[in-house]
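*Asks:* Going left to right, the sequence shown walks through residues 452 to 552 as my numbering numbers them.
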Amino acid sequence: MEIISKKVKKEILAILPDLREELKAEFTQWEEGYTDNDNFYSDEKLLETLPCAVYEYMIICWGVNPGLVNPDSAIQLLNGNIIKDLRKITAHGLRRLACKY
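What follows is the structure, encoded as structure tokens:
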């Protein structure tokens, strides 16, 4: 499994507090589907989930063919600063952790 670079981790950890607060406000509108559980507040869980979140984000938001990318290659792109949507990708990862389903 490809490892997230220290630089990217630092950027992610810097935006997490504000991003969590923003998403908590969003959850009040969608309380049936999301919860601010322990996983939502775990930086470690987020970093574990991020490879899949990047992969899903590329497929869903960019329309990338799933056969052309995998979580490892997605992290390589993230580490290489090819992917600039770090805030949106991190938010997607947090939503995955907060999802009740």
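Heads up, the beta-carbon is just placed ideally off N, CA and C, and yes, glycines get one too.
Give the range of the alpha helix (DSSP H) segment to which T500 is assigned.
*Replies:* D494 to W513
*Asks:* With three or more beta-carbon pairs closer than 8 Å as the criterion, would you say the region 481 to 493 touches the region 521 to 533?
*Replies:* For the pair of segments examined, the region 481 to 493 was found not to touch the region 521 to 533: the number of CB pairs separated by less than 8 Å stays below three.
*Asks:* Among residues of its own chain, excluding the 5 on either side of L548, which ones have a beta-carbon nearer than 8 Å to its beta-carbon?
*Replies:* N488, N490, F491, S493, K496, L497 and T500
*Asks:* How many whole angstroms separate the CB atoms of L545 and V459, which I take to be in contact at a CB cut-off of 8 Å?
*Replies:* Actually they are not in contact, since the Cβ atoms of L545 and V459 sit about 16 Å apart, beyond 8 Å.
*Asks:* Does the Cβ-Cβ distance between I510 and P517 come in under 7 Å?
*Replies:* yes
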